[in-house]
Amino acid sequence: MRVFLLGATGTIGTAILKELLGTGHEVTALCRSQRSAATVAKLGATPLAGDLCDPDGWADALPHQEAVIHAAATFDNHMAAADLGVVRILLKQAEKRATPLRVVYTGGCWLYGDTGGTLATETDRFAPIPAFAWMVDHARRLLASPALSTAVLHPAMVYHAKGGVLEQMLRQVRTQRPIEIWGKASTRWPLIHRDDLARAYRLLLELQGLTGHYNAVAQTGVPVAEIAGILALSHGQTTPYVCRSRAEVLASEGAWAEGPMLDQRLSARRLAQATGWAPRYTDLRQCFPPA
1 MRVFLLGATG TIGTAILKEL LGTGHEVTAL CRSQRSAATV AKLGATPLAG
51 DLCDPDGWAD ALPHQEAVIH AAATFDNHMA AADLGVVRIL LKQAEKRATP
101 LRVVYTGGCW LYGDTGGTLA TETDRFAPIP AFAWMVDHAR RLLASPALST
151 AVLHPAMVYH AKGGVLEQML RQVRTQRPIE IWGKASTRWP LIHRDDLARA
201 YRLLLELQGL TGHYNAVAQT GVPVAEIAGI LALSHGQTTP YVCRSRAEVL
251 ASEGAWAEGP MLDQRLSARR LAQATGWAPR YTDLRQCFPP A
C-alpha cells in the first residue's frame, strides 16, 4: 500500500516507519529538514520536503497515496492550528477521489481525562484536558467525512528503551538524581511500547473496513512510583523519588502538564478483538530488566 506518513522521525513515527517498510508498504514521509530526509531515505522510504504547518505545500502528493497516517504534532502554542490545517487538507483532497482515502489519525489517552479506578473503553465519553481538547473535534470531522475511511488510534503513554514518556525519569536515574514525579506517586499510567503501537497502526491501516476509535495499551495502569522503581533498579540503583505538587507543576510547565498527572486505566480490548493485535511488551521490566 502507498502510505503518506506525517511524523516519520518522531518517537512514534520512527517505529511506524520501520513497521510499514518491514511489511512491504511503500512510504512517503514528510520531512522538514535535510537530516530527517536522509534518515527516512536510508531506511527505504521516500522523503518529501515540507512543513506540517504548511499543508498546501505538500497537498499535491496526496492524490498518489492510498492512505495517510497522521502521527505528527508541533507541541507548541500553535499545535491545534497546525493540526486543523492538516485535517482540512485531508478533507479537501479526499473529496477529489473516486474511492475513500484511508486515514489513521492519532488521538491519545489524555482525551479520556482522569479515569481513576475505571477502565476506560471506546464507549466512554471523552473528557479531555483543555490543552488537547481540539483533538476530539478534529477526529470527529475526519470520522464524519464519507470521502474518508478513518480510524482514530488512542495510544497509552508511549515508551521505548531510550525514553519516550520515560525520558526525563531515565535522565534523572542516569545522573543519580531522585526521580521527579508530578502530582501523586499513586497516579497510574497506561503504558505501551512504541513497537507494539506501530503494529497497531499498521493493522488498522491494512484493515480498511475498521473505522471509529481504538485504544492501544499493553499495561492498563501502572503506578508512577512503581515505574520509577523499575527504572532505578534497571540501573542498579534504589534512587528515591520526589513528588512535585500539581499546582507547582502547572505553574512551571504549563497546561499540557496536566496529562501526566491524570490517574488512568485504559482498555485495548476493542483493538485486540478487531485486529488480532496483542502486545509483545506486557511488562515494563521486559524493556528495563534489573541490572
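When we follow the working numbering, the leftmost residue of the sequence shown carries the number 1, and every step to the right adds one.
In this text, a Cβ means the ideal position worked out from N, Cα and C, and glycines have one as well.
It should be emphasised that the depicted structure is a prediction, and the values quoted were computed from it without experimental measurement.
{"Asked": "By Cβ distance below 7 Å, which residues in the same chain neighbour PHE126 in space, the five residues on each side in sequence not counted?", "Found": "LEU111, TYR112, VAL136"}
{"Asked": "With distances taken from CA atoms, which of PRO178, GLN65, ARG174, LEU101 is nearest PHE4?", "Found": "GLN65"}
{"Asked": "Comparing C-alpha positions only, which one of GLN264, ILE192, GLU19 sits nearest to ALA278?", "Found": "ILE192"}
{"Asked": "Can you look up GLY129 in the DSSP assignment and give me helix, strand or coil?", "Found": "Here residue 129 is Ile; the residue named in the question, Gly, does not match the sequence. Note: ILE129 maps to coil in three-state DSSP."}
{"Asked": "To which residues does DSSP link GLU26 through a beta bridge?", "Found": "ARG2"}
{"Asked": "Mind pulling the beta strand (DSSP E) runs of 3 or more residues that sit fully within the stretch 185-244?", "Found": "188-193, 212-216, 219-223, 241-244"}
{"Asked": "Do THR106 and HIS138 have their C-beta atoms within less than 8 Å of each other?", "Found": "no"}
{"Asked": "In angstroms with no decimal places, state the Cα-to-Cα distance between GLU258 and LEU266.", "Found": "17 Å"}
{"Asked": "Whole angstroms are fine: how far does the CA of ARG35 sit from the CA of GLY24?", "Found": "24 Å"}
{"Asked": "So for GLU180, helix, strand or coil by DSSP?", "Found": "strand"}
{"Asked": "Is the beta carbon of ILE12 sitting closer than 8 Å to the one on LEU203?", "Found": "no"}
{"Asked": "Buried or exposed: where does PHE75 fall if 16 or more other Cβ atoms within 10 Å of its Cβ makes it buried?", "Found": "exposed"}
{"Asked": "Taking the alpha carbon of ALA247 as the point to measure from, which residue in TRP182, VAL86, ALA72, GLU95 has its own alpha carbon closest?", "Found": "TRP182"}
{"Asked": "Determine, using beta-carbon pairs with one atom in the stretch 229-246 and one in the stretch 171-185, whether at least three such pairs fall under 8 Å.", "Found": "yes"}
{"Asked": "Rounding to the nearest angstrom, what Cα-Cα distance links CYS31 and GLN93 in this structure?", "Found": "20 Å"}
{"Asked": "Please tell me whether THR150 and THR99 are closer than 8 Å, where the distance is taken between their beta carbons.", "Found": "no"}
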